[in-house]
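Residue numbers (the numbering used here): 55 to 216. First up is the structure itself, then whatever we jot down about it.
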C-alpha cells in the first residue's frame, strides 16, 4: 500500500542528458494543449492553463539533475503556491494560538482565575487536523489533473517523441 503524501512526489529517470530533457519538454509545450510551463536553470514548473485551472489544480515543481543513466527528475505535485502559502500560514497561526492559549490557560489555573485558555490547544489541534484532511480532499479533486501533468511529462520524455 502506498502512503499518501501531502505533496506527492514524482521521480523519473530519463535516458537523456538534462539539456535534452528541457528541449523535449519545451517542444511538447510548444505543441499546445492544456499544460503550460516555465523552465530555468535546472528547474521545471508545469501547471494547467488558466482555462483548465481550479483553485485545487496541481502544479508540478521539479528539478532535473545529471544521473548515471542520463537525467533524473525529482518533483512534487502541489497546489498553487498561494494556496500552499495559505496552508503554511494557517499552521503557523494555529501553532502559535495553541502555545499561547496553553500558557495562558496554565497561568489561569495557577492563579485560580479560570481555565478557559486550556480550550485553545485542543481547538487549534482540531482545526489543524481539518486543514490536513482538506489537503487530501484537494488531492482527490485534482487527481485527474495530477495524472494529466504526469502523463504530459511521460509523453514529452518518451524516446519515440524525441
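Don't be surprised by glycine CBs; every beta carbon is placed ideally from N, CA and C.
**Request:** Compare the C-alpha of residue 178 against each of 101, 116, 155 and 119 and name the closest.
**Result:** For the purposes of this step, residue 178 is identified with residue 124 of the chain shown, where counting begins at 1. When only C-alpha atoms are compared, the closest one is 155.
**Message:** Please tell me whether residue 112 and residue 203 are closer than 8 Å, where the distance is taken between their beta carbons.
**Reply:** Position 58 of the chain shown, counted from the start, is the residue given in the question as residue 112. Position 149 of the chain shown, counted from the start, is the residue given in the question as residue 203. For residue 112 and residue 203, yes; Cβs fall inside 8 Å.
**Request:** Can you say whether residue 150 is buried or exposed, counting buried as having 16 or more other CB atoms within 10 angstroms of its CB?
**Result:** By 1-based counting over the chain shown, the position of residue 150 is 96. Counting Cβ neighbours within 10 Å, residue 150 comes out exposed, since fewer than 16 surround it.
**Asked** Quick one: Cα of residue 78 to Cα of residue 157, how far?
**Response** What you label residue 78 is simply residue 24 of the chain shown in a count that begins at 1. What you label residue 157 is simply residue 103 of the chain shown in a count that begins at 1. Put simply, the backbone Cα of residue 78 is about 56 Å away from that of residue 157.
**Item:** the segment 92 to 106 contacting the segment 162 to 176, beta-carbon criterion three pairs below 8 Å
**Value:** Fewer than three beta-carbon pairs drawn from the segment 92 to 106 and the segment 162 to 176 are found closer than 8 Å, and the two stretches are therefore not classed as touching.
**Prompt:** residue 142 lies in the alpha helix (DSSP H); which residues open and close that run?
**Reply:** Looking up residue 142 in the chain shown gives position 88. According to the DSSP assignment, residue 142 belongs to the alpha helix (DSSP H) that extends over 135 to 165.
**Message:** Just to confirm, is the Cβ distance from residue 207 to residue 110 under 8 Å?
**Reply:** Position 153 of the chain shown, counted from the start, is the residue given in the question as residue 207. Position 56 of the chain shown, counted from the start, is the residue given in the question as residue 110. No, the Cβ-Cβ distance between residue 207 and residue 110 is not below 8 Å.
**Prompt:** Near residue 152, what residues of its chain come up, given a Cβ to Cβ distance below 7 Å and the 5 sequence neighbours on each side ignored?
**Reply:** Reading the chain shown from its first residue, position 98 is the one you call residue 152. In chain order, 174, 175, 178 and 179 place their CB closer than 7 Å to the CB of residue 152, counting only its own chain and leaving out the 5 sequence neighbours on each side.
**Request:** Kindly list the residues whose CB is nearer than 8 Å to the CB of residue 169, restricted to its own chain and excluding five residues on each side of it in sequence; keep chain order.
**Result:** Within the chain shown, numbered from 1, the residue matching residue 169 stands at position 115. Excluding residues within five positions, the ones whose Cβ falls inside 8 Å are 159, 162 and 163.
**Prompt:** If residue 124 and residue 71 are in contact, beta carbons under 8 Å, what's the gap, nearest whole angstrom?
**Reply:** Here residue 124 is taken as the residue at index 70 of the chain shown, counted from 1. Here residue 71 is taken as the residue at index 17 of the chain shown, counted from 1. About 6 Å separates the two Cβ atoms, so the contact holds.
**Asked** Any idea if residue 132 is buried or exposed, counting beta-carbon neighbours within 10 angstroms, 16 or more meaning buried?
**Response** Along the chain shown, read from residue 1 onward, the residue named residue 132 stands at position 78. Under this definition residue 132 is a buried residue.
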